[in-house]
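Sequential numbering from 68 applies to the sequence shown in the numbering used here.
Virtual Cβ for every residue (Gly too), placed ideally from N, Cα, C.
These numbers come from a predicted model, not from an experiment.
This report refers to the structure that appears directly beneath it.
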Amino acid sequence: MSYLNLSKAELEKEREVLLKQYENYKSKGLSLNMARGKPSPEQLDLSQAMLDSVKSTDSCISSDGTDCRNYGGFDGIVEVKEMFSNIFDTESENVFVGGNSSLNMMFDTISCFMTAPIYEDTLPWHDVKDRKFLCPVPGYDRHFGVTGYFGFEMIPVPLNEDGPDMDIVEKLVSEDDSIKGIWCVPKYSNPTGITYSDEVVKRFAALKPAAKDFRIMWDNAYAVHDVTDTPDTLLSIVDECKKTGNEDLPILFASTSKITFAGAGVAALAASPLNMKVLKKRLEFATIGYDKVNMLRHSKFFGNYEGLLNHMQKHKEILAPKFKTVADKLNEDLTDAGIAEWTNPNGGYFVSVNVYKGTAKRVVELCKEAGVVLTGAGATYPEGNDPNEENIRIAPSFPTVEELSLAMDIFCVCTKLACLEVLV
């Protein structure tokens, strides 16, 4: 029965039962960390053979004859540019391959536009008074950290089941030229796991911003990260922007950080010729070139884009039981209580849970005391300000299924206890 329909006496009795369970969990001295979406050791092992793919002099030469041990190849080797062009749905000449971190490339992109005007008749963003950035919420805390670092006022935009609330986005960007961009995780969004609908992508492509230099930061981090047999599909923002004449609007990002090695993957961005010209002008002073040997390792390991997709099936076999464990535990332990809602995504790395309003921090605190570390409450909102204090991000990837099952038992008990503290 729903907690909201119980009498005070019934609630107190339920709380006594849960407190005994909770104290039992605390006595186990557990140490389970689910704070970040880290690949498990088993997932990392899938790519171990990649380290042996470049051994001899001959194996260090890319398909166009570039010796990957030497200088040159400023924007990446051709094989990896082609692989990412399939992820981005664009031509390989529009792809720039960087280091191991797409977040680093996003930071550098914002940093570039802070000091270099995108157009001759626009100001560097640093010189824009009261500059703003749109932030779909709940969203990725590190995105918000980047624009917060550069002094943007971050405007939350509700994230619906089909993507950001486009009525709000269209109104804001058409009326305020100090709004310079929006963060987007369009497929299996972090943390909700939703994928933008075709209509939402088309409305993004048809935006008419008041700021000529408004940019869509399209972080397609989970483009190939399916965990069910009914994966989501995402319409190509590049193709849609070509149709509307808005080719300069999006800048796309992705990496292999959750495909091969989290600390030694390959990242890339895709952009229109105009955007790419501005970005390259900055980067050519920052680096002679990124790690081409690591790019070549990836190319030889996968062979091609199809090989990458086949590799992702192995990740799916590891991750699917973990996502099922989370869903089963939430359904079994919290459905009847009627005090929480959660997502059941077809891919990505996270499950988003909305606990009883005003209790998210307490749930995280109780979990930590019982040995389960979660992402901090509020992290999915700019500056940590969740107005309802209800959203918590669950990251199932790193623990074993057994550890995850126990962690979710603890999470559900803590969710109920935090709610009962308020209701009683």
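Contiguous alpha helix (DSSP H) assignments of at least 4 residues, all confined to the region 242-303: With a minimum length of 4 residues, the continuous alpha helix (DSSP H) runs that stay inside the region 242-303 are 265-272.
Between Lys383, Ile461, Cys135 and Asn342, which has its C-alpha nearest glutamate 187's C-alpha? Indexing the sequence shown from 1 puts residue 187 at position 120. The option with the nearest alpha carbon to glutamate 187 is Asn342.
Straight-line gap, alanine 277 to serine 245 (C-alpha atoms, nearest Å): In the sequence shown, residue 277 corresponds to position 210, counting from 1. In the sequence shown, residue 245 corresponds to position 178, counting from 1. Approximately 8 Å, taken between the alpha carbons.
Just how far apart, CA to CA, sit alanine 290 and threonine 157? Residue mapping note: residue 290 aligns to position 223 of the sequence shown, counting from 1. Residue mapping note: residue 157 aligns to position 90 of the sequence shown, counting from 1. Rounded to whole angstroms, alanine 290 to threonine 157 spans 14 Å at the Cα level.
In whole angstroms, what is the alpha-carbon distance linking asparagine 535 and alanine 353? For the chain, the structure presents residues 68 to 491; residue 535 sits outside this window and is missing.
Neighbour-count burial assignment, valine 213, 16 or more Cβ in a 10 Å radius: Against the sequence shown, residue 213 aligns to sequence position 146. The residue in question, valine 213, is buried, as its Cβ has 16 or more Cβ neighbours within 10 Å.
Work out the CA separation of glycine 104 and proline 412 for me, nearest whole Å. Here residue 412 refers to the residue found at position 345 of the sequence shown. Here residue 104 refers to the residue found at position 37 of the sequence shown. Looking at the backbone, the Cα of proline 412 and that of glycine 104 are separated by about 15 Å.
Taking just the CA atoms, how far does glycine 206 sit from leucine 302? Residue 302 sits at position 235 when you count from the first residue of the sequence shown. Residue 206 sits at position 139 when you count from the first residue of the sequence shown. In this structure, the straight-line span from the alpha carbon of leucine 302 to that of glycine 206 is close to 20 Å.
On a CA-only basis, which of Ile385, Phe155, Asp208 and Ala272 is nearest valine 468? Give me that one, please. As a first step, residue 468 is located in the sequence shown; it is residue number 401 there, counting from the start. It is Ile385 whose Cα lies nearest to the Cα of valine 468.
Return helix, strand or coil for cysteine 135, following the three-state DSSP convention. Walking along the sequence shown from the start, residue 135 turns up at place 68. Looking at cysteine 135 - three-state DSSP - the assignment turns out to be coil, as it is neither helix nor strand.
Put proline 379 into one of helix, strand or coil per three-state DSSP. The sequence position of residue 379 within the sequence shown is 312, counting from 1. The sequence given here has methionine at residue 379, not proline. For methionine 379, the secondary structure class from DSSP, reduced to helix, strand or coil, is helix.
Nonlocal neighbours in the same chain, by C-beta distance under 8 Å from glutamate 456, ignoring five residues either side: In the sequence shown, residue 456 corresponds to position 389, counting from 1. Correct list, in chain order: Lys424, Gly425, Thr426, Ala427, Lys428, Ala444 and Gly445.
In terms of residues, what are the limits of the beta strand (DSSP E) holding arginine 460? As a first step, residue 460 must be located in the sequence shown, where it is residue number 393. Note, arginine 460: beta strand (DSSP E), 458-461.
Measuring only between beta-carbons, confirm whether arginine 82 sits less than 8 Å from chain C. The chain labelled as chain C is not found in the depicted structure, where only one protein chain is given.
What are the partner residues of valine 162, as DSSP defines its beta bridges? Residue 162 sits at position 95 when you count from the first residue of the sequence shown. DSSP, once it has assigned bridges, lists Ala337 as partnering valine 162.
Measure the beta-carbon distance from leucine 111 to phenylalanine 417 and round it to whole angstroms, keeping in mind my assumption that it falls under 8 Å. The sequence position of residue 111 within the sequence shown is 44, counting from 1. The sequence position of residue 417 within the sequence shown is 350, counting from 1. In fact, because the Cβ distance is near 19 Å, the residues do not count as touching under 8 Å.
Can you tell me whether proline 463 is buried or exposed, with buried defined as 16 or more other CB within 10 angstroms of its CB? The sequence position of residue 463 within the sequence shown is 396, counting from 1. Answer is buried; the Cβ neighbour count reaches 16.
Asparagine 100: first and last residue of the uninterrupted beta strand (DSSP E) it sits in: In the sequence shown, counting from the first residue as 1, residue 100 sits at position 33. 99-101 is the extent of the beta strand (DSSP E) around asparagine 100.
With a Cβ-Cβ cutoff of 8 Å, do valine 480 and tyrosine 357 count as a contact? Counting from one through the sequence shown, the residue named residue 480 turns up at place 413. Counting from one through the sequence shown, the residue named residue 357 turns up at place 290. Contact flag unset, no.
Proximity winner among Gly139, Ala273, Lys325 and Leu484, relative to histidine 378 (alpha-carbon distances): What you label residue 378 is simply residue 311 of the sequence shown in a count that begins at 1. Minimum Cα distance to histidine 378 is reached at Lys325.
Straight-line Cα distance separating glutamate 77 from aspartate 293: Translated into positions along the sequence shown, residue 293 becomes position 226. Translated into positions along the sequence shown, residue 77 becomes position 10. Distance between the alpha carbons of aspartate 293 and glutamate 77 is about 42 Å.
Any heavy atom of the ligand ATP closer than 7 Å to the CB of alanine 278? Summarising the ligand content, the structure contains no ligands, and the ligand ATP is consequently not present.
Note down the Cα distance separating phenylalanine 200 from aspartate 175, rounded to an integer number of angstroms. Locating residue 200 in the sequence shown gives position 133, where the first residue counts as 1. Locating residue 175 in the sequence shown gives position 108, where the first residue counts as 1. If you draw a straight line from the Cα of phenylalanine 200 to the Cα of aspartate 175, it comes to about 16 Å.
Using C-beta distances below 6 Å, list every residue in its chain close to valine 162, excluding the 5 sequence neighbours before and after it, in chain order. If you number the sequence shown from 1, residue 162 lands on position 95. Excluding residues up to 5 positions away in sequence, Lys148, Phe151, Ser152, Ala335 and Ala337 lie with their Cβ nearer than 6 Å to the Cβ of valine 162 in the same chain.
Around the C-beta of proline 203, are 16 or more other C-beta atoms found within 10 angstroms, so that it is buried, or is it exposed? If you number the sequence shown from 1, residue 203 lands on position 136. Here proline 203 is buried. Its C-beta has 16 or more other C-beta atoms within 10 Å.
Below 8 Å on the Cβ atoms is my guess for serine 339 versus glutamate 373; work out the distance and round it to an integer in Å. For the purposes of this step, residue 339 is identified with residue 272 of the sequence shown, where counting begins at 1. For the purposes of this step, residue 373 is identified with residue 306 of the sequence shown, where counting begins at 1. Rounded to the nearest angstrom, the Cβ distance from serine 339 to glutamate 373 is 27 Å, too far for a contact under 8 Å.
As a quick exercise: from Asn371, Lys359 and Leu484, pick the residue whose alpha carbon is nearest that of isoleucine 128. In the sequence shown, residue 128 corresponds to position 61, counting from 1. Per the Cα distances, Lys359.
Considering only their Cβ atoms, is the gap separating phenylalanine 320 from serine 169 smaller than 8 Å? One-based indexing of the sequence shown puts residue 169 at position 102. One-based indexing of the sequence shown puts residue 320 at position 253. Serine 169 places its beta carbon less than 8 Å from that of phenylalanine 320.
Between phenylalanine 368 and serine 159, which are expected to be in contact by the criterion C-beta below 8 Å, what is the C-beta distance as a whole number of angstroms? On the sequence shown, position 301 is the one that residue 368 refers to. On the sequence shown, position 92 is the one that residue 159 refers to. Their Cβ separation, rounded to whole angstroms, is 19 Å, which puts phenylalanine 368 and serine 159 out of contact at 8 Å.
Can you give the beta carbon distance from threonine 295 to alanine 387, rounded, assuming they're within the 8 Å contact cut? For this step, residue 295 is matched to residue 228 along the sequence shown. For this step, residue 387 is matched to residue 320 along the sequence shown. Cβ atoms of threonine 295 and alanine 387 come within 8 Å of each other, at about 7 Å.
N-terminal and C-terminal residue of the alpha helix (DSSP H) that glutamate 146 is part of: In the sequence shown, residue 146 corresponds to position 79, counting from 1. Its alpha helix (DSSP H) spans residues 145-155.
The region 264-272 / the region 225-235 touching (three or more Cβ pairs under 8 Å): Touching, yes.
Collapsed DSSP secondary structure at glycine 230 in the structure displayed: Walking along the sequence shown from the start, residue 230 turns up at place 163. Residue state, collapsed to three classes: strand.
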